[in-house]
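Numbering (our numbering), first residue to last: 180 to 351.
And the structure:
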């Protein structure tokens, strides 16, 4: 069993007793009031620092997208759950899909410390050009160096599409 799924093992009844999940909106609602916290019918969940909606269940904090999958399908998938549109707070069932780790990595965002503005494009200070790399199938490929940033971005973008990357990957 996947490590992520161990946390949710046997939790489907507790989640169903505590929350109602709306697959059309992706929201969770309290079935019962908890004094000083929320009333029955209130929308529940909070955003963590990474942008995921979190719920409390059996004294644990759980990610709402995994709870949504479990409540909707009755079991946890073999694999990771990805947000198709890249919005980690959008837990509509149509926005959730099962992917491998590699597929999930192909849909990740540009890191905040990226100075090239997009994934795989780096400024080579020594040569005064943009260096372009693409990691696909666990192998890092060099796509060359470019004087113009736009040329570098386009080279990277087309190489990503050829490798089957998701359209959200490294949006610019």
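Idealized CB from N, CA, C, for every residue including glycine.
request  = Measure the alpha-carbon distance for residue 349 versus residue 297 and round it to whole angstroms.
outcome  = In this prediction, residue 349 has a pLDDT of 46, which is less than 50 and means its spatial position is unreliable; what the coordinates show is noted afterwards. Using only the alpha carbons, I get a separation of about 5 Å.
query = Which stretch, first to last residue, makes up the beta strand (DSSP E) that contains residue 212?
reply = That residue, residue 212, is in no beta strand (DSSP E); it is neither H nor E in DSSP.
query = According to DSSP, which residues form a beta bridge with residue 313?
reply = 320
request  = Express the C-alpha separation of residue 267 and residue 192 in angstroms, rounding to a whole number.
outcome  = 24 Å
query = Roughly how many angstroms separate the alpha carbons of residue 299 and residue 324, rounded to a whole number?
reply = 11 Å
key: Alpha-carbon spacing of residue 226 relative to residue 234, whole angstroms   = 9 Å
key: Close Cβ partners of residue 158 (< 8 Å) along its chain, the five nearest in sequence each way excluded   = With the chain running from 180 to 351 in the structure shown, residue 158 is simply not present.
ask   = DSSP on residue 196, reduced to helix/strand/coil?
value = helix
request  = State the Cα-Cα distance for the pair residue 307 and residue 253, rounded to the nearest angstrom.
outcome  = 55 Å
query = With DSSP run on the structure shown, which of helix, strand or coil describes residue 281?
reply = helix
query = Which residues in the same chain have their Cβ closer than 7 Å to the Cβ of residue 242, if we skip the five residues on either side of it in sequence?
reply = 231, 233
request  = Could you tell me which residues DSSP puts in a beta bridge with residue 276?
outcome  = 261
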